[in-house]
Each structure stands twice: as C-alpha cells, then as structure tokens.
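What follows is one structure encoded as structure tokens, with my remarks underneath.
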Amino acid sequence: MQETISAQKDKKLFIKTWGCQMNVYDSNRMADILSPFGYKTVDSPIDADMVILNTCHIREKATDKVFSELGRLKEHKEDKEKNGGRMLMAVAGCVAQAEGDFIMERAPYVDMVFGPQTYHELPEMIAKTLGAFGTQRLVNTEFPAISKFDFLPEEHVNQGASAFLSIQEGCDKFCTFCVVPYTRGGEYSRNVEGLIDEAKRLVDAGALEITLLGQNVNAFHGEASDGSIWGLGKLIKEMAKIDGLERIRYTTSHPRDMDEDLIEAHGTEKKLMPFLHLPVQSGSDKILKAMNRKHGRDLYFKVIEDLRKARPDLAFSSDFIVGFPGESDQDFEDTMDMVRQVNYASCYSFIFSARPGTPAANMQNLVRPDVASERLARLQALLNEQQLEFNKKCEGLVMPVLMERKGKKDGQLIGKTPYFQSIHTQANERLIGKIIDINIKTGYDKSLSGDIVTSEKISAAE
Ligand code: SAM
Ligand code: SF4
Ligand code: F3S
13 MQETISAQKD
23 KKLFIKTWGC
33 QMNVYDSNRM
43 ADILSPFGYK
53 TVDSPIDADM
63 VILNTCHIRE
73 KATDKVFSEL
83 GRLKEHKEDK
93 EKNGGRMLMA
103 VAGCVAQAEG
113 DFIMERAPYV
123 DMVFGPQTYH
133 ELPEMIAKTL
143 GAFGTQRLVN
153 TEFPAISKFD
163 FLPEEHVNQG
173 ASAFLSIQEG
183 CDKFCTFCVV
193 PYTRGGEYSR
203 NVEGLIDEAK
213 RLVDAGALEI
223 TLLGQNVNAF
233 HGEASDGSIW
243 GLGKLIKEMA
253 KIDGLERIRY
263 TTSHPRDMDE
273 DLIEAHGTEK
283 KLMPFLHLPV
293 QSGSDKILKA
303 MNRKHGRDLY
313 FKVIEDLRKA
323 RPDLAFSSDF
333 IVGFPGESDQ
343 DFEDTMDMVR
353 QVNYASCYSF
363 IFSARPGTPA
373 ANMQNLVRPD
383 VASERLARLQ
393 ALLNEQQLEF
403 NKKCEGLVMP
413 VLMERKGKKD
423 GQLIGKTPYF
433 QSIHTQANER
443 LIGKIIDINI
453 KTGYDKSLSG
463 DIVTSEKISA
473 AE
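Each residue of the sequence shown is one higher than the one before, counting from 13 in the working numbering.
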C-alpha cells in the first residue's frame, strides 16, 4: 500500500486552510504524515499532485468559500489531466465532516472527503483512492475509537519561533449555535507525557512560544504516566520548566472551566503571557441560557475579577454573537454593558448564523437582519474604541516583542507583544524568530509601531 503512493518522488502537495488554529495545526500534521511518501508542500495549486482544502463549518460564509474555491481548483485539475497528469482533490476539516456526501454529490471532481479524526489514515486513504484500476472516490467521516494523536508521526514541519500544539480536541458543551461538537466529536485530552515531549521537540526546533490549542482547551484533563489526571494549570506549570521556551499561550477557553489552579498559574508563571481569549458570546443571562453556555454573566465577571487579582495586567479578548434568536434590545444592551465593564484589548464579533443540525437553527423569534447588522456595528464601534484605547495606553512602554515575519514595507518586521498586539518596526531580517525589546511609539486601532531599544538608547535614558 505504501508503495502505491511512494512510486513517484517529489509530489507537490498544496494545502489551503480555513478556520481556527486547530485547523492550522492539523494541516501541518497532514503535511507531516505525507512527507515520508514523497509529498512536499507548495504555495500554489497549479500543477499540484494533491490538493487538500482544510475547511471550517462555523458560519455559513465559511462553507460558501469552500465551494467557490473548489470551482477554481477544478480548472487546475483539468489542466493537469490535459497534460497527462493526475491531481487528487480532497476536502478535509469540519465542512467535510458535516457535509461529506453533499460535497461528493455537488462537486463530482472531488476525489476524497475526510473528517478531522481520520488524518492518521491519510496514506491508506490515498492508496485506496488512487486504486489499482483508476480513481475510487472516498468519503471517510468516521469517528474512530482510537485517537489520531497516537498514530500521527513526529512533526517534520518546522513551525518556527511561534508554534501551535493541540492538547485537547472536541467539545461536550453543546452550545445551541455551534457545530463543533458534531464536526470534531466529544472532548478528548492527549496524554501529558506525549505533550511534554512534543513541546520539547518544538523548542529544539526553534520555538520560543507555544500556543496550547483545544476547542475547549481549559477542559483539558490529560493522563500522566503515573495515572493521575492533570488539568491545564498543572500542564502549563510543567511546560514552563522547559529551558528555551519563553512564552506560553492557550486558546480557546470556556469561562466555566477556568479553575483555581489555572487562575493561579496566571499569577505565578511568568512565561504565561498576560493575554487571555475568554469568549462569553453574550452579556444577557436570558441569551446565555438559550445558548446553553451553562453560566450567567455573574460567573464571567467573577472569573475576570479573580484573573485580574492573580495578574493585574492581564488583557482580555472575547467572541460575541449578536442577533441570536430572541435577543431583545435589552439583551443587546446587557452585552454592551458587559463590554464596558470588562474593557477588552481586542475582540471578535459575529452575526448569528443558523447552522444546520444545531438546536438554535430551529429556534423562533429570529432577529431581523437589519437589526442584527445595526447591533453588530454598534458593538464593533465600542470594541474598536476599547482596542484603540488599549493600544494608545502602550505608547512609551518598552515591551519584549517576538519578531515573526517581514512586513509589507521595505526593512519592516512584524512581531507580537506579550498582549498579543501586532507591532511593526524597522529591523534587520535576521531578528525574525528572536525576542527583542521595542519602545512603543504609536498605538493604532489594530496594531502598534515602535523602535528597537538599542543598548545605547537604554543607557541614554538612564
Ligand atoms: N470554543 C469556543 C468557545 O466556547 O467560545 C469557540 C469556538 S468557535 C470555533 C469560535 C467562535 O465562533 C465562537 O466563540 C462564536 O463566537 C462563533 N460562532 C460559533 N458558532 C457560530 C454561529 N452559529 N453563528 C455565529 N458565530 C458563531
Ligand atoms: Fe462550540 Fe460551545 Fe464547544 Fe465552544 S464550548 S466549541 S462554542 S459548543
Ligand atoms: Fe471551524 Fe472546525 Fe475550527 S468549524 S473554527 S475549523 S473546529
């Protein structure tokens, strides 16, 4: 079987990724598993031997994007065939899981559809599809009893100075609007030992920052080698001991799973960055209940207060959904009030999108689209104001910045502050992948700019 797909060396693999960071992590792991079979990732689908679209199903527009992309790719596939080649076209990720058969029906040129829990079977799936007697179309949306993490090979893709590490997957919360429990399956935590090993390998490969990922990352309850169960706080404290690892982040967390140990870690672990994405979705108790978020606004305020006590400079972000069925003017005002009280550093906000198969898709009392749009505009205006204010407050401070990539302008580099702000500065390319002190000059609405602090400038200031 392995021979079937290894016959040709240097096959071109193009992966396009939508959605959350877990999909980014998964795309890297798919590249890892295919690399021993001669597949090398390329930046363009033209002339590729295999194209994988790693998709997101969270909102309606996300699915539409997949179908338009498939339409464009069809032409590349036809061009390749005209020249006597073969391009395998695959749809992976959450749209694949939710709409596998529909994709096969609507896009007959798609060869493979497979869900997020099947990636470890990729070589076998490709061999089956290529088939001895011509292409056999394949759909695999099973939730296998075994965990893919136990079967994926060690990482080959070098993620650079800032790396993702999936520690938990799936969700048992069943918020009424959300597809994740259906597309990713039930909550699963990886074993502690495997995670520490992977973190060490990432650091050896050059990572200074690791972001621990999970759809419900603070519900993490991984088994350690002595059989005990660790929560996220304990895992972070252990990871913080890794020499060479400078920064730890985690996302996405649920307010209900913010336990004492994790809150304490924010106060004691200097490597844990002072920025937390803690989505609340709505500030109205009535809507939180209808969303099945399993907590009210008071719990959210209490968690924020406890976290701020542990780490006073902690900056927060959240996700909000407006126009959820039944959301009245007062419910929306409760959300605005919550935003004013918490005062966020940055946030994401969306209009409710009815997702097939979720309970909220059948709810009555829909909010008129024009009303929802107007609420979104008001909310975003407030959030933008807060973000600008937060960025302006940083002017004049010196912050350690992880330099990530080149900017659009000549000689410009882009990096991240501890508070997850993007910052641009004039700096030499060789500083990419390093943490450099930057003197913040200007705070903009979505980013910062500043100058590198040289030792001369520091001594001049002293
Ligand atoms: N697990 C995270 C949590 O509990 O908040 C969120 C996961 S989801 C991938 C990211 C965000 O998408 C959610 O926080 C929510 O704001 C938004 N979202 C999810 N389903 C949505 C829907 N049906 N309509 C609009 N926005 C949605
Ligand atoms: Fe979706 Fe809710 Fe689970 Fe987050 S906690 S992934 S919003 S079901
Ligand atoms: Fe999207 Fe699936 Fe992530 S629906 S947000 S890719 S878990």
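All C-beta atoms, glycine included, are put in the ideal place defined by N, C-alpha and C. Remember, it's a predicted structure, so these values are computed and weren't measured experimentally.
Does the distance from the C-beta atom of residue i to that of residue j stay below 8 Å?
{"i": "Glu276", "j": "Gly245", "result": "yes"}
{"i": "Gly335", "j": "Arg390", "result": "no"}
{"i": "Gly182", "j": "Thr153", "result": "no"}
{"i": "Ile447", "j": "Leu395", "result": "no"}
{"i": "Pro267", "j": "Tyr312", "result": "yes"}
{"i": "Gly243", "j": "His233", "result": "yes"}
{"i": "Leu82", "j": "Lys28", "result": "no"}
{"i": "Lys52", "j": "Leu25", "result": "yes"}
{"i": "Ile222", "j": "Leu214", "result": "yes"}
{"i": "Ala134", "j": "Ile45", "result": "With the sequence shown as reference, residue 134 is identified as Leu, and Ala is not the correct amino acid for it. Yes, these two residues count as a Cβ contact at 8 Å."}
{"i": "Ala173", "j": "Gly445", "result": "yes"}
{"i": "Val229", "j": "Gln180", "result": "yes"}
Using the DSSP secondary-structure output, state which residues sit across from residue i in a beta bridge.
{"i": "Ile452", "result": "Gly462"}
{"i": "His289", "result": "Ser329"}
{"i": "Asn377", "result": "Asn377 pairs with nothing; no bridge assigned."}
{"i": "Lys28", "result": "Leu65"}
{"i": "Ser361", "result": "Phe332"}
Within the same chain, show all residues whose beta-carbon is closer than 8 Å to that of residue i, passing over the 5 residues directly before and after it, in chain order.
{"i": "Glu205", "result": "Ala236, Ser237"}
{"i": "Asp457", "result": "Asn396, Gln399, Leu400, Asn403"}
{"i": "Ala472", "result": "Because Ala472 carries a pLDDT of 37, less than 50, the predicted location of this residue cannot be relied on, and the following value inherits that uncertainty. Contacts found: none."}
{"i": "Lys73", "result": "Ser365"}
{"i": "Glu281", "result": "Ile248, Lys249, Ala252, Ile260"}
Among the options, whose alpha-carbon lies nearest the alpha-carbon of residue i?
{"i": "Arg41", "options": "Lys52, Ile158, Ser56, Glu166", "result": "Glu166"}
{"i": "Gln293", "options": "Phe186, Ala366, Thr347, Leu326", "result": "Thr347"}
{"i": "Gly278", "options": "Thr263, Ile248, Gly243", "result": "One point to set straight first is that residue 278 is His, not Gly, in the sequence displayed. Nearest option by C-alpha distance: Ile248."}
{"i": "Gly408", "options": "Asp449, Gly338, Ser159, Asn355", "result": "Asp449"}
{"i": "Leu224", "options": "Leu257, Ile241, Val192", "result": "Leu257"}
{"i": "Cys406", "options": "Asp38, Asp325, Arg352", "result": "Asp325"}
{"i": "Ser494", "options": "Thr67, Ser56, Lys21", "result": "Past the boundaries of the shown model lies residue 494; the chain is included only from 13 to 474, so the question cannot be answered."}
{"i": "Val191", "options": "Val383, Met116, Pro371, Val54", "result": "Pro371"}
{"i": "Lys160", "options": "Asn203, Phe344, Leu378", "result": "Asn203"}
Taking residue i and residue j to be in contact with their CB atoms under 8 Å, please state how far apart those CB atoms are, rounded to whole angstroms.
{"i": "Cys106", "j": "Gly218", "result": "With 8 Å as the limit, Cys106 and Gly218 do not qualify as a contact, their Cβ atoms being about 30 Å apart."}
{"i": "Thr454", "j": "Leu460", "result": "7 Å"}
{"i": "Tyr431", "j": "Pro286", "result": "6 Å"}
{"i": "Gly419", "j": "His436", "result": "5 Å"}
{"i": "Leu164", "j": "Tyr131", "result": "7 Å"}
{"i": "Ser365", "j": "Arg98", "result": "Contact flag wrong, Cβ pair sits at about 37 Å."}
{"i": "Glu416", "j": "Lys428", "result": "6 Å"}
{"i": "Leu349", "j": "Gly295", "result": "The identity of residue 349 in the sequence shown is Asp, whereas the question assumes Leu. Rounded, the Cβ-Cβ distance is 6 Å, consistent with contact."}
{"i": "Asp297", "j": "Arg309", "result": "6 Å"}
Is residue i close to chain B? Criterion is C-beta to C-beta, closer than 8 Å.
{"i": "Arg380", "result": "No chain B appears in this structure, which consists of one protein chain only."}
Which residues in the same chain as residue i place their Cβ atom closer than 7 Å to its Cβ, once the five residues preceding and following it in sequence are excluded?
{"i": "Lys469", "result": "At Lys469 the pLDDT is 47, less than 50, meaning the model places this residue with poor confidence; the figure from the coordinates comes in the next sentence. Contacts found: none."}
{"i": "Gln148", "result": "Lys140, Thr141"}
{"i": "Phe328", "result": "Leu288, Leu290, Ile316, Val354, Tyr356, Ala357"}
So, for residue i: in the same chain, excluding its five sequence neighbours on each side, which residues have a beta-carbon less than 6 Å away from its beta-carbon?
{"i": "Ala102", "result": "Ile64, Met124"}
{"i": "Lys23", "result": "Gly50, Tyr51, Asp61"}
{"i": "Tyr360", "result": "Asp331"}
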